[in-house]
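Each residue of the sequence shown is one higher than the one before, starting from 1 at the first, in the UniProt record's numbering.
Comments concern the structure below.
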Amino acid sequence: MNKSPSEAASINATGLLQSTPETQRKAIIALLLGGLLISCSPILVRFAETGPIVTAFWRLALAIIPMLILNNRMKHGVDQVKPASLGDLAILAVPGILIGLELVVWHISLTMTSVANSTLIVNLSPIFVALGGWLFLKQKISRIFISGLVIAIFGVLILKGGPDLSGHSSLKGDAVALGAAILYAAYILMLGFTRRRFSTSTIMLCTTISATLTILPLALIFETQYFPLTLFGWVVVCALAWMTQAAGQSLITFAIAWLPVAFSSLTLLIQPVVAAILAWILLSEPLSIWQICGGLIVIAGIMQARRG
Numbered sequence: 001m002n003k004s005p006s007e008a009a010s011i012n013a014t015g016l017l018q019s020t021p022e023t024q025r026k027a028i029i030a031l032l033l034g035g036l037l038i039s040c041s042p043i044l045v046r047f048a049e050t051g052p053i054v055t056a057f058w059r060l061a062l063a064i065i066p067m068l069i070l071n072n073r074m075k076h077g078v079d080q081v082k083p084a085s086l087g088d089l090a091i092l093a094v095p096g097i098l099i100g101l102e103l104v105v106w107h108i109s110l111t112m113t114s115v116a117n118s119t120l121i122v123n124l125s126p127i128f129v130a131l132g133g134w135l136f137l138k139q140k141i142s143r144i145f146i147s148g149l150v151i152a153i154f155g156v157l158i159l160k161g162g163p164d165l166s167g168h169s170s171l172k173g174d175a176v177a178l179g180a181a182i183l184y185a186a187y188i189l190m191l192g193f194t195r196r197r198f199s200t201s202t203i204m205l206c207t208t209i210s211a212t213l214t215i216l217p218l219a220l221i222f223e224t225q226y227f228p229l230t231l232f233g234w235v236v237v238c239a240l241a242w243m244t245q246a247a248g249q250s251l252i253t254f255a256i257a258w259l260p261v262a263f264s265s266l267t268l269l270i271q272p273v274v275a276a277i278l279a280w281i282l283l284s285e286p287l288s289i290w291q292i293c294g295g296l297i298v299i300a301g302i303m304q305a306r307r308g
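Structure below.
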């Protein structure tokens, strides 16, 4: 009997599943496809007819539909622990609040800086995850991680150190993207608590609903256009919700259940590379030598930090 991505992930985390060459091959394909789908996200945000906050709302609100289907399907698979108290609901709501704010901040950064810079800086989140674990969970940090952190910071300085990139990038936009990376790191840390008690499908559904409710008042307050104006606009937000948010994340969840975490992390670094190439082709965003060199150094720093 085939196992769904969330079931596979939860069982694998406890060491109850053993992968085979066939499942590893499928997992690698799923990981690459999931990474490619998510790489399209910043391009779709740029094409959206609504503002960054409303776009983030529709991205999550429309994703609730496939999440409900997945959660209902999982009810027939493995036993799930359902939230039984207000405390349980609060635990499940916090990651959603964080990821909702992260999407808002990241979408805003995409209107202020280049796709390449924004996507690359957001991918610094694993470093902030480790720093958060050290500060709040008393987890040790190795010298390998520190060296990776130094390399990544140096790469960011190179990224912004050259003569500016013809107005396509800004320090303010990059700073906003850095804020999104910190929020995403906080989201990952909070998931560590929820995964101890609830299944992946339950977490994904509750997190998506919580994030949607977090973004809704922000969209109503700060933006005035709440709906796409054309069929193309609806196609864009549906693609964001179903292709990148639901399908992309589910494929990656499935892959991580079967592949070593280190390998998965390295492979997912294709996201900023693909996003930069797509922005160059579709949005005519030039890639300067400073961006290319700085980006490669940042990726090398992230790889080094993840080894630690």
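We treat Cβ as the ideally placed atom computed from N, Cα and C, and that holds for glycine.
Owing to the predicted nature of the structure, the values given are computational and were not obtained by experimental measurement.
TODO: Grab the span of the alpha helix (DSSP H) containing L44 for me, first residue to last.
DONE: Taking the sequence shown and counting its residues from 1, one reaches residue 44 at position 44. Here the alpha helix (DSSP H) through L44 covers 41-47.
Open item on the list: Just verifying my parser: in three-state terms, what is the DSSP assignment at L139?
Closed with: Residue 139 sits at position 139 when you count from the first residue of the sequence shown. Residue identity check: residue 139 is Gln in the sequence provided, not Leu. It is coil, neither helix nor strand.
Open item on the list: Nearest by alpha-carbon distance to V45: which of V235, P83, A181 is it?
Closed with: Working through the sequence shown from its first residue, we reach residue 45 at position 45. It is V235 whose Cα lies nearest to the Cα of V45.
Task: Buried/exposed call for E285, threshold 16 Cβ in 10 Å - done: The sequence position of residue 285 within the sequence shown is 285, counting from 1. Result: buried.
Open item on the list: Cutting at 7 Å between CB atoms, please list the residues of its own chain near V274, excluding the five before and the five after it.
Closed with: If you number the sequence shown from 1, residue 274 lands on position 274. Closer than 7 Å at the Cβ level, and outside the excluded window around V274, lie L36, S39.
Task: Expected contact under 8 Å - CB spacing of T202 and N117 to nearest Å - done: Start at 1 with the first residue of the sequence shown, and residue 202 comes out as number 202. Start at 1 with the first residue of the sequence shown, and residue 117 comes out as number 117. About 36 Å separates the two Cβ atoms, so there is no contact after all.
- [ ] Might you give, ordered along the chain, the residues of its own chain that have their beta carbon closer than 6 Å to the beta carbon of I188, omitting 5 neighbours on each side?
- [x] Translated into positions along the sequence shown, residue 188 becomes position 188. Once the five neighbours on either side are set aside, the close Cβ partners of I188 are V129.
TODO: Tell whether a beta-carbon distance below 7 Å holds between M57 and I215.
DONE: As a first step, residue 57 must be located in the sequence shown, where it is residue number 57. As a first step, residue 215 must be located in the sequence shown, where it is residue number 215. A quick correction: the sequence has Phe, not Met, at residue 57. Contact flag set, yes.
- [ ] Please list, in chain order, all residues of the same chain as G294 whose beta carbon is under 6 Å from its beta carbon, the five residues on each side excluded.
- [x] As a working mapping, residue 294 is identified with position 294 in the sequence shown. Same-chain partners within the cutoff: G155, I158, L159.
Open item on the list: Can you tell me whether W134 is buried or exposed? The criterion is at least 16 other CB atoms within 10 Å of its CB, across all chains shown.
Closed with: As a working mapping, residue 134 is identified with position 134 in the sequence shown. Exposed, since its Cβ has fewer than 16 Cβ neighbours within 10 Å.
TODO: Measure the C-alpha to C-alpha separation of M243 and P83 and round it to an integer number of angstroms.
DONE: Along the sequence shown, one-based indexing puts residue 243 at 243. Along the sequence shown, one-based indexing puts residue 83 at 83. M243 and P83: Cα-Cα distance of roughly 28 Å.
TODO: Drop a sphere of 10 angstroms on the beta-carbon of Q139, count the other beta-carbons inside from all chains shown, and report buried for 16 or more, exposed for fewer.
DONE: What you label residue 139 is simply residue 139 of the sequence shown in a count that begins at 1. Exposed, since its Cβ has fewer than 16 Cβ neighbours within 10 Å.
TODO: Could you name the residues of the same chain whose beta carbon sits closer than 8 Å to that of V115, not counting the 5 residues immediately before and after it, in chain order?
DONE: Translated into positions along the sequence shown, residue 115 becomes position 115. Excluding residues within five positions, the ones whose Cβ falls inside 8 Å are P42, I43, R46, A275, A276, L278, A279, L283, E285.
Task: Closest residue to T50 among I108, F227, V104 (Cα-Cα distance) - done: Here residue 50 corresponds to residue number 50 of the sequence shown, with the count starting at 1. Out of I108, F227, V104, F227 has the C-alpha closest to the C-alpha of T50.
Open item on the list: So, under 8 Å CB-CB, L103 and R59 are touching, yes? Tell me the CB distance rounded to an integer number of Å.
Closed with: For the purposes of this step, residue 103 is taken as the residue at position 103 of the sequence shown. For the purposes of this step, residue 59 is taken as the residue at position 59 of the sequence shown. Confirmed, Cβ separation roughly 7 Å.
Task: Secondary structure of S288, DSSP reduced to three states - done: Position 288 of the sequence shown, counted from the first residue, corresponds to residue 288. Correct three-state label for S288: coil.
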